[in-house]
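What follows is a set of notes on a single structure, which appears directly below.
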Amino acid sequence: SQQQAATKTHIKLIMEEDRPKRWISLLQVSEEELEATELKNWSGELNHPDQEKISHDCDQLHIKLPIFAEVELRETLEWLLTFFCKEKKIAYISGLHELLAPF
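Just so we're aligned: 9 in this note's numbering is position 9 of the sequence shown, and the numbers increase by one with no gaps anywhere.
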């Protein structure tokens, strides 16, 4: 319906506008720490040891949350989760994608 489309567009605009602030808060980093991250040097390779699990979880997310029907959004989520796990040097834990999805 038109109302659903308008709501989806509104949510997407809010998400895009607030995304940088939410990420800084979610990652609990200061501006200085953010500047010092390896993100600037990261090639963007999706090669974390748990990459198959990360990819699978992101691909399945659209079943629970229709907003993730967009492939580009799921790919961005996978990229962010991969970077986070690599930067923090942690293993990926199933369900982490669901904690990140609202942001």
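Note that beta-carbon positions come from the ideal geometry of N, C-alpha and C, so glycine has one too.
Best match in the options for proximity to residue i [C-alpha to C-alpha]
| i | options | result |
| --- | --- | --- |
| G151 | E32, L80, Q60, V71 | Not covered by the structure: residue 151. The range shown for the chain is 1 to 103. |
| I54 | F68, K88, E70, T82 | T82 |
| K89 | H48, S25, I67 | H48 |
| L46 | E70, F84, E98 | F84 |
| L73 | H97, E32, S25 | H97 |
Status (buried if at least 16 other CB within 10 Å, exposed otherwise) for residue i
| i | result |
| --- | --- |
| L77 | buried |
| L61 | buried |
Coarse secondary structure for residue i, derived from DSSP in three states
| i | result |
| --- | --- |
| H48 | coil |
| L65 | coil |
| K88 | helix |
CB contact flag (residue i, residue j, <9 Å)
| i | j | result |
| --- | --- | --- |
| D50 | A91 | yes |
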